[in-house]
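Undergrad: Handing you a structure now.
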Amino acid sequence: MIKGNAIIGQSGGPTSAINATLAGILHSAENSSHIVEVFGMRNGIEGLLKEDIFKIRPLSEDEIFALSCTPSAVLGSCRKKLPDPYGDDTEEYEKIFSFFLRYDIRYFFYIGGNDSMDAVKKLTEYSKKINYEMVFMGVPKTIDNDLEKTDHTPGFGSAAKYVATVMQEIACDCAVYTVKAVTVVEVMGRDAGWLTAAAGLPRLIGEKTADLIYLPEVPFDEDRFIEDIKTLFSEKPNVVVAVSEGIKTAEGEYVGARAQSGVTDIFGHKYLAGTAKYLERLVRERLGCKVRSVELNIPQRCSAHCLSKRDIDESFGIGKAAVSFSTRAATNDGYVTVLKRREGETYRIEYDCVPISEVANLVKTVPVEMINEEKNNVKDELLEYLLPLIEGEISLPREKGLPKHFKF
């Protein structure tokens with residue numbers, strides 16, 4: 440165990456629960472005998488490289504609660520890819536570790552998803568290379584729910600609650616007409632369909648929701664898609680479809696590729712959008728009926744008015760656990776704090792810690808056995824796994840009817 444200062448950053452796509460994790464870290468760090476002062480880096484690794492950092496003052500209980508309920512990332516975010524720590528290009532590492540030495544930074548907390556865990560892994564490897572005593576802790580967040588070794592990811596529950604709620608409302612709206620019509624709703628999810636699967640949750644309580652659900656875990660067939668709609672038209676006039684933005688053909692091509700720019704981010708990921716718009720055109724051409732597309736887009740990850748209390752409580756808890764694990768961890772190692780679901784009928788979780796190597800650059804997808812044989816919906820088994828994650832409501836701090844967000 441070592442004593443020194445800590446620094447915290449947020450990275451990747453924001454969520455409505457990422458600040459709850461930050462609040463948990465700050466709450467626990469304030470009471471730690473191993474952490475002297477806490478610094479925040481603005482815009483993650485990018486801000487660290489610019490030394491755009493600030494000392495985070497102790498927060499009151501009211502401020503901690505307000506921070507926990509504030510969506511997006513109050514520290515700012517980035518998508519920064521670090522070079523190979525064993526390669527010749529070490530300038531950025533030298534700059535980062537020179538900063539760590541000057542400010543006696545011994546604890547590094549990075550709240551993020553897959554690409555953020557890659558950054559934690561590389562920083563850990565460089566610290567070993569130069570033998571700088573420090574603990575690196577990746578703290579999960581992603582609405583995609585695609586990180587390995589954790590039962591689910593903080594931020595996912597609130598996003599899933601939003602998707603399920605909106606799909607239920609869309610289905611109610613569409614059901615009032617007798618004219619044949621199709622509504623295609625696009626949900627975030629590049630390689631994993633967890634969030635799109637949440638569109639089916641209202642059916643567990645007997646409510647209307649998506650009739651068809653397509654995930655990226657199984658190939659998408661356009662002809663079969665049209666036949667699925669025709670079959671439903673023989674039973675009802677209105678069909679509601681939920682699709683992951685990342686659904687692909689059997690050849691591995693993104694279905695919405697023709698509607699996309701082809702531009703990639705720094706990690707080589709294609710910017711995805713337009714899948715629902717492409718399917719809208721397909722349905723119009725093949726069936727000639729009324730059709731509309733809806734892209735849920737950013738509201739999936741920033742809608743704090745639809746928070747899951749369980750998600751916020753667990754996000755706060757995993758932040759506290761990250762500090763506890765880090766102050767007991769071996770130096771020059773990197774870890775990820777994770778959620779473990781206990782066995783039994785009653786939903787319970789516990790916090791655990793695993794090596795960063797078991798999480799970074801790996802993707803957890805929806806098990807194919809949880810998708811129906813027709814590959815156009817999900818089984819109740821999957822929905823029952825998801826249901827506890829969206830439970831509970833939070834009364835947001837408000838002023839004149841609007842949410843009051845925390846600001847540093």
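This note's numbering numbers the first residue of the sequence shown as 440 and each following residue consecutively.
All residues carry an ideal CB built from backbone N, CA and C; glycine is no exception.
#1: Exposed or buried, which one is Glu-797 when buried takes at least 16 other CB atoms within 10 Å?
#2: Between the alpha carbons of Leu-643 and Met-809, how many angstroms are there, rounded?
#3: Which residue from Trp-633, Leu-461, Met-573 puts its Cα closest to that of Leu-825?
#4: Leaving out five residues before and five after Ile-492 in sequence, what residues of the same chain have Cβ atoms less than 6 Å from its Cβ?
#5: Could you work out which residue in Pro-524, Lys-560, Ile-474, Asp-590 is closest to Tyr-542 when comparing CA atoms only?
#6: Is the beta carbon of Val-817 closer than 8 Å to that of Met-556?
#7: Hey, would you say Ala-649 sits closer than 8 Å to Ala-638, going by beta carbons?
#8: Shortest alpha-carbon distance to Lys-716 belongs to which of Glu-734, Arg-545, Cys-728, Asn-470?
#9: Return the chain-ordered ranges of every alpha helix (DSSP H) run that is complete within the segment 451 to 482 and spans a minimum of 4 residues.
#10: Is Asp-585 helix, strand or coil by DSSP?
#11: Just checking, does the segment 452 to 459 make contact with the segment 505 to 517 on the three C-beta pairs under 8 Å criterion?
#12: Which one or two residues does DSSP pair with Ile-788 in a beta bridge?
#13: Could you give the first and the last residue of the continuous beta strand (DSSP E) run that contains Arg-677?
#14: Taking C-beta to C-beta, are Asp-772 and Thr-563 nearer than 8 Å?
#15: Using C-beta distances below 8 Å, list every residue in its chain close to Ile-829, excluding the 5 sequence neighbours before and after it, in chain order.
#16: Please determine, among Gly-552, Ser-754, Gln-739, Ala-681, the residue with the shortest C-alpha to C-alpha distance to Leu-718.
#17: Based on Cα-Cα distance, which residue from Ile-757, Ala-799, Ile-795 lies nearest to Ala-462?
#18: Which whole runs of the beta strand (DSSP E) in the segment 709 to 747 are 3 residues long or more, in chain order?
#19: Near Tyr-693, which residues of its chain fall below 6 Å by C-beta distance, leaving aside the five closest residues on each side in sequence?
#20: Within this structure, are the beta carbons of Ile-441 and Thr-804 separated by less than 8 Å?
#21: Taking the beta strand (DSSP E) that Leu-550 belongs to, which residues open and close that run?
#22: Using a Cβ distance threshold of 8 Å, determine whether the segment 586 to 593 contacts the segment 724 to 732, with at least three qualifying pairs required.
#23: Which residues bound the alpha helix (DSSP H) around Tyr-525?
#24: Any idea which residues DSSP pairs Arg-837 with across the strands?
#25: Can you name the start and end residues of the beta strand (DSSP E) that Phe-575 belongs to?
#26: I'd like to know if the segment 834 to 845 and the segment 649 to 665 are in contact, where contact means that at least 3 CB-CB pairs between them fall below 8 Å.
#27: Please state the DSSP three-state secondary structure of Leu-651.
#28: With a threshold of 16 other CB atoms inside 10 Å of the CB of Gly-695, please say whether the residue is buried or exposed.
#29: Suppose the cutoff is 7 Å on Cβ atoms and the five residues either side in sequence are ignored; what does the same chain contact list for Lys-567 look like?
#30: Could you tell me which residues DSSP pairs with Ile-686 in its beta bridges?
#31: With the cut-off set at 8 Å, would you say Tyr-565 and Ala-445 are in Cβ contact?
#32: Tell me which residues share the same chain as Phe-851 and place their Cβ nearer than 6 Å to its Cβ, disregarding the 5 neighbours each side in the sequence.
#33: Could you tell me which of Phe-764, Tyr-653, Lys-519, Thr-785 sits nearest to Val-807, measuring between CA atoms?
#34: Taking all protein chains shown into account, do 16 or more other C-beta atoms lie within 10 angstroms of the C-beta of Asn-736, making it buried, or fewer, making it exposed?
#35: Measuring CA to CA, which of Val-679, Ser-516, Leu-465 is closest to Gly-551?
#36: So if DSSP puts Gly-443 in a beta bridge, which residue, or which two residues, is it bridged to?
TA: Inspection of the coordinates gives the following:
#1: Translated into positions along the sequence shown, residue 797 becomes position 358. Looking at its Cβ environment, which holds fewer than 16 other Cβ atoms inside 10 Å, Glu-797 is exposed.
#2: Position 204 of the sequence shown, counted from the first residue, corresponds to residue 643. Position 370 of the sequence shown, counted from the first residue, corresponds to residue 809. About 15 Å.
#3: In the sequence shown, the residue the question calls residue 825 occupies position 386. When only C-alpha atoms are compared, the closest one is Trp-633.
#4: Here residue 492 corresponds to residue number 53 of the sequence shown, with the count starting at 1. Contacts found: Phe-478, Met-480.
#5: Start at 1 with the first residue of the sequence shown, and residue 542 comes out as number 103. Cα-wise, what sits closest to Tyr-542 is Ile-474.
#6: Numbered from 1 along the sequence shown, position 117 holds the residue referred to as residue 556. Numbered from 1 along the sequence shown, position 378 holds the residue referred to as residue 817. Cβ atoms of Met-556 and Val-817: not closer than 8 Å.
#7: On the sequence shown, residue 649 is found 210 positions in, with the first residue counted as 1. On the sequence shown, residue 638 is found 199 positions in, with the first residue counted as 1. Taking 8 Å as the Cβ cut-off, Ala-649 and Ala-638 qualify as a contacting pair.
#8: As a position in the sequence shown, residue 716 is number 277, starting the count at 1. Comparing Cα positions, the closest option is Glu-734.
#9: 457 to 469
#10: Translated into the one-based positions of the sequence shown, residue 585 becomes position 146. DSSP places Asp-585 in coil when its eight states are reduced to three.
#11: yes
#12: Counting from 1 along the sequence shown, the entry for residue 788 is found at position 349. Per DSSP, Arg-780.
#13: The residue labelled residue 677 in the question sits at position 238 within the sequence shown. Correcting the residue identity first, residue 677 is Asn in this sequence and not Arg. First-last of the beta strand (DSSP E) with Asn-677: 677 to 683.
#14: Counting from one through the sequence shown, the residue named residue 772 turns up at place 333. Counting from one through the sequence shown, the residue named residue 563 turns up at place 124. Against a cut-off of 8 Å, the Cβ pair of Thr-563 and Asp-772 comes out as a contact.
#15: Position 390 of the sequence shown, counting from 1, holds the residue named residue 829. Around Ile-829: Gly-596, Ser-597, Ala-599, Lys-600, Ala-603, Ala-637, Leu-640, Ser-747, Arg-749, Asp-750.
#16: The residue given as residue 718 occupies position 279 in the sequence shown. Of the listed residues, the one whose Cα sits closest to Leu-718 is Ala-681.
#17: Position 23 of the sequence shown, counted from the first residue, corresponds to residue 462. When only C-alpha atoms are compared, the closest one is Ile-757.
#18: 729 to 734
#19: Position 254 of the sequence shown, counted from the first residue, corresponds to residue 693. These residues qualify, in order along the chain: Lys-687.
#20: Translated into the one-based positions of the sequence shown, residue 441 becomes position 2. Translated into the one-based positions of the sequence shown, residue 804 becomes position 365. Result no, Cβ atoms of Ile-441 and Thr-804 do not sit closer than 8 Å.
#21: On the sequence shown, position 111 is the one that residue 550 refers to. Going by the sequence as given, residue 550 is Ile instead of Leu. First-last of the beta strand (DSSP E) with Ile-550: 544 to 551.
#22: no
#23: Translated into positions along the sequence shown, residue 525 becomes position 86. From DSSP, Tyr-525 is part of no alpha helix (DSSP H); its letter is neither H nor E.
#24: As a working mapping, residue 837 is identified with position 398 in the sequence shown. According to DSSP, which records beta bridges pairwise, Arg-837 is partnered with Pro-842.
#25: Position 136 of the sequence shown, counting from 1, holds the residue named residue 575. Note, Phe-575: beta strand (DSSP E), 574 to 579.
#26: no
#27: If you number the sequence shown from 1, residue 651 lands on position 212. Leu-651: strand per DSSP, three-state reduction.
#28: Within the sequence shown, the letter at position 256 stands for residue 695. By the neighbour-count rule (16 or more Cβ atoms within 10 Å), Gly-695 is buried.
#29: If you number the sequence shown from 1, residue 567 lands on position 128. Excluding sequence neighbours, Lys-567 sits near Asn-771.
#30: Residue numbering aside, residue 686 sits at position 247 when the sequence shown is read from its first letter. Ile-686 pairs with nothing; no bridge assigned.
#31: Residue 565 sits at position 126 when you count from the first residue of the sequence shown. Residue 445 sits at position 6 when you count from the first residue of the sequence shown. Taking 8 Å as the Cβ cut-off, Tyr-565 and Ala-445 do not qualify as a contacting pair.
#32: The chain is shown from 440 up to 847; residue 851 falls before or after that span and cannot be answered.
#33: Translated into positions along the sequence shown, residue 807 becomes position 368. Val-807 has its Cα closest to that of Tyr-653, out of Phe-764, Tyr-653, Lys-519, Thr-785.
#34: Position 297 of the sequence shown, counted from the first residue, corresponds to residue 736. The residue in question, Asn-736, is exposed, as its Cβ has fewer than 16 Cβ neighbours within 10 Å.
#35: Mapped onto the sequence shown, residue 551 falls at position 112. If we check each option's Cα against that of Gly-551, Ser-516 comes out closest.
#36: As a first step, residue 443 is located in the sequence shown; it is residue number 4 there, counting from the start. Beta-bridge pairing links Gly-443 to Ile-474.
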